[in-house]
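Peer 1:
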Amino acid sequence: VHALGQVAHLVAATSMPPRKIREGLNDRLPSNINILRVEEVPVSFHARHYAVSRSYLYIISKHRTAFGKRYVWWVRYLLDMEKMRSACSLFEGFHDFASFADKRMDKDASTKVKLDVADIREAGDLIILRFVGSHFLWKMVRRMVGILVEVGRGNLSYTDVKNMLTRFSDLPAKHTAPPSGLFLERVLYEGDKEKPAKSVGLLFPGELSR
């Protein structure tokens with residue numbers, strides 16, 4: 005699992021310009037983590053609790069890739085994109101995603117989630133799935149993707165997916181997509197405009213520019 009726009013907060017012991025904090029952190033962090041921006045916020049701010057929505061990307065590759073395999077799920081089967089788009093649209097709105105949640109979740113936690121966006125687009129050899137919602141359950145995105153791939157393969161139907169949102173099914177757990185293709189795209193706060201991050205294009209510039 006990767007992040008293009010993760011957000012964290014810290015309390016600094018001494019006053020320091022945001023630029024110096026960013027540079028100091030980047031000098032000390034491993035090369036696979038990069039602080040893009042540091043901002044001063046009210047002391048009451050909490051990166052997780054103040055978030056109003058989050059967006060995730062999942063990237064599927066139609067062809068085997070040597071360099072991108074850490075960041076995609078290579079699906080070797082021919083997928084019916086129209087069937088996948090149709091089934092994907094079912095996820096939009098307020099639903100009980102119990103079928104798509106991991107059984108190790110807290111039993112008292114609600115499995116009801118509101119998704120504002122659930123869409124699929126093709127970009128060259130890639131299939132990019134995007135979900136924007138109030139919050140997400142553990143493994144929820146990977147299980148939605150896995151089920152949509154089964155729809156694309158012809159193993160499941162639109163009605164099968166619809167039924168998973170109205171009564172519990174253990175099928176999503178059996179078809180959980182691998183973590184390699186999952187990206188936290190953005191964390192949004194009050195006043196933020198919901199728009200896709202551009203960073204994903206840096207990973208696959210050739211495919212995304214076609």
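If you want the working numbering, it's the position in the sequence shown, counting the first as 1, plus 4. Glycine included, every Cβ here is placed at the ideal spot set by N, Cα and C.
Check whether the Cβ atoms of L130 and V149 sit closer than 7 angstroms, and answer yes or no.
Peer 2: No. Outside cutoff.
Peer 1: Closest to R74 by CA distance: which of Y62, L82, L83 is it?
Peer 2: Checking every option, the nearest Cα to that of R74 belongs to Y62.
Peer 1: So, T180 versus R147, is the Cβ gap smaller than 7 angstroms?
Peer 2: In this structure, R147 lies closer than 7 angstroms to T180 by Cβ.
Peer 1: Looking only at C-alpha atoms, which of I37, R89, G72 sits nearest to A7?
Peer 2: Out of I37, R89, G72, I37 has the C-alpha closest to the C-alpha of A7.
Peer 1: For E86, which of helix, strand or coil comes out of DSSP?
Peer 2: If DSSP states are grouped into helix, strand and coil, E86 belongs with the helices.
Peer 1: Just to confirm before moving on: does the CB-CB distance between P176 and I151 stay below 7 angstroms?
Peer 2: Result yes, Cβ atoms of P176 and I151 sit closer than 7 angstroms.
Peer 1: In chain order, what residues of the same chain lie with their CB nearer than 7 angstroms to the CB of P22, ignoring the 5 residues before and after it?
Peer 2: Hits under 7 angstroms: V42, E43, E44.
Peer 1: Is the stretch 158–167 touching the stretch 189–198, taking contact as three or more C-beta pairs under 8 angstroms?
Peer 2: Because the criterion of three Cβ pairs below 8 angstroms is not met, the stretch 158–167 and the stretch 189–198 do not touch.
Peer 1: For K24, report the span of its alpha helix (DSSP H) as first-last.
Peer 2: First-last of the alpha helix (DSSP H) with K24: 22–32.
Peer 1: Give the range of the alpha helix (DSSP H) segment to which Y162 is assigned.
Peer 2: 162–168 is the extent of the alpha helix (DSSP H) around Y162.
Peer 1: Helix, strand or coil for S173, going by three-state DSSP, please let me know.
Peer 2: Coil, per DSSP.
Peer 1: Please state whether DSSP places V145 in a helix, a strand or coil.
Peer 2: It is helical.
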